[in-house]
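Residue numbers for the sequence shown follow full-length UniProt numbering, so the first one is 1 and each next one is one higher.
Here is the structure we will look at.
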Amino acid sequence: MVFKCQEDSFLKEFIASVVSSEKATFGSKGGYNVILDDTILFPEGGGQPCDYGTINGKPVRSVVRKADKAVHFVESDEPLEAGQEAKQVLDWPRRMDHMQQHSGQHLITALFDREYSFDTTSWWLGSETSYIELGAKDVTKEQLERVEALANELIFKAKKVTVVVTTKEEGIQFQDMRAPRGLPADHVGPVRVVNIEDIESNMCCGTHVSNLSQLQAVKLLHVEKAKGKLYVHFLVGNRVLKKLEDCYSREMQFNNILKGGPSTHVELVQKLQTSSKTTAKYFKNILKELAVAEASKLKNKECLPKYFSLHRSDGIEPDFITTFLRHAPDNVFYFLSVSDNTGKGHM
């Protein structure tokens, strides 16, 4: 089944009818699993998280697809009656964010394939950044920069993004042969083929923008290698602006802390690291001298005590104890402790 959210990804409100409502829980929340005759709230699938929103004013915390039905978990004390009207209101900022990331992923995937024959084997839409998993041994800095530049060039050209609803058999033929994605085993009914003008065609259940210009911008962040796999992390649209805002805010903080502009940050931090290492080495030597002095003072007593206690509360490291005991006289019971006045001490 093709849901209303897949027919029109920009529809923000919709009135449907309740098919069923069963008591359920979601995490620690109580409510009802509600099935409607149609929905503008996208059920999780194709690597894209579900939409949030409300049904008759009650928050929808989860939407999952089961065959040709979308099951909404509605946090509510009261069930919805079969046949009752259900007004759906979409969490639009979340939807727009997901559309930007998902359409951006299609674009990035197509460009890596076209330019370098790198297949995308999977992808992940995260809450802050997303990534594609590439079937490649490595991606160079130059390749990353080229794909990013091409993606933003196509965004500037405002290429159209269209959706064709067709049969499963026709959809498979319509889809680009390179595409790694397929249909879920329990898929029922028509399929959707998402086409980016002059770029690619792929079967996809997700919600998408209608024009690449709505992506605003694409930023490829870095390449990560883990357990024999290669991931390219990226941002699209408003997330690029948010990252720039965060980075600029930190830059201004560093300006104040380091007393220098962005071009000098690395040099200033390196100087601080060098100074810190030198100070730490000097402090360690002073500690050893202090420990030896304390031990010598005890050793020079005319009559050694049976018991000796010593506590240092000035941030001295436990190494002080080791050095002290190495130079202190034998046949004395020692009780030694150190702390920095902010927590528990060491014995």
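Ideal placement from N, C-alpha and C gives every residue a C-beta, glycine not left out.
Bear in mind that the values here come from a model prediction, so they are computed numbers and not experimental data.
Same chain, Cβ closer than 6 Å to residue i, five either side skipped, listed in chain order
i    : result
G27  : none
L308 : Sequence check: residue 308 is Phe here, not Leu. For F308, where only same-chain residues beyond five positions count, the Cβ hits under 6 Å are V332, Y334.
F10  : none
H311 : S337
P190 : V2, V165
Alpha-carbon spacing of residue i relative to residue j, whole angstroms
i    : j    : result
S337 : K277 : 25 Å
H327 : V269 : 39 Å
I40  : A149 : 34 Å
K284 : F320 : 9 Å
D8   : I155 : 21 Å
K243 : V89  : 28 Å
K227 : P262 : 35 Å
K4   : V218 : 28 Å
T323 : E267 : 36 Å
R192 : G135 : 25 Å
L144 : T120 : 14 Å
N256 : L272 : 15 Å
D68  : R94  : 24 Å
A293 : K301 : 13 Å
K29  : A70  : 19 Å
H222 : A82  : 50 Å
E78  : F14  : 21 Å
G126 : T279 : 42 Å
P128 : L241 : For clarity, residue 128 is Glu in the given sequence; the question names Pro instead. Each residue's Cα considered, the two are about 12 Å apart.
T25  : V60  : 12 Å
Burial state of residue i (16 or more Cβ within 10 Å)
i           : result
N33         : buried
A151        : buried
P318        : exposed
S103        : buried
R250        : exposed
Y231        : buried
A179        : With a pLDDT of only 47 at A179, under the threshold of 50, the placement of this residue in the model should not be trusted, and no figure is reported.
H72         : buried
D97         : buried
K12         : exposed
C204        : buried
S313        : exposed
K168        : exposed
K58         : buried
E142        : exposed
L325        : exposed
residue 352 : Nothing about residue 352 can be reported from this structure: the residues present for the chain run from 1 to 347 only.
Residues near residue i in its chain [Cβ-Cβ closer than 8 Å; skip 5 each side]
i    : result
L80  : V18, S21, Y32, V34, I55, N56, V74, A86
N211 : A158, K159, K160, V161
W123 : G47, Q105, T109, S130, Y131, I132, E133
K299 : H327, A328, P329
H208 : S9, M99, H102, S103, H106, V161, V163, V194
C50  : L41, F42, P43, E44, S62, V63, V64
L304 : L298, P329, N331, V332
M177 : Only weak support is given to the placement of M177: the predicted model assigns it a pLDDT of 48, under 50, and the value that follows is read from those uncertain coordinates. So the list is empty, once near-sequence residues are dropped.
S296 : H327
G237 : M96, D97, Q100, Q101, G104, Q214, L215, Q216, A217
D198 : K159
S76  : G31, Y32, K58
Three-way DSSP call (helix, strand, coil) for residue i in this model
i    : result
E75  : coil
S20  : strand
A86  : strand
S62  : strand
K219 : strand
L125 : strand
A151 : helix
N256 : helix
L304 : coil
S249 : helix
H98  : helix
N285 : helix
T264 : helix
F335 : strand
V240 : helix
V2   : coil
N81  : Contrary to the premise, residue 81 reads as Glu rather than Asn in this sequence. The answer is coil: DSSP assigns E81 none of H, G, I, E or B.
P180 : Model confidence at P180 stands at a pLDDT of 43, short of 50, so the residue's coordinates are unreliable; what they give is reported in the following sentence. Coil.
G57  : coil
N70  : Looking at the sequence provided, one finds Ala at residue 70 rather than Asn. If DSSP states are grouped into helix, strand and coil, A70 belongs with the strands.
V209 : coil
I15  : strand
L235 : strand
F320 : helix
T140 : coil
Sequence-distant residues of its chain with Cβ nearer than 7 Å to residue i (five each side left out)
i    : result
V147 : I108, L111, F112, E115, L220
D37  : A16, S17, V19
F254 : H265
G53  : L41, V60, Q88, V89, L90, D91
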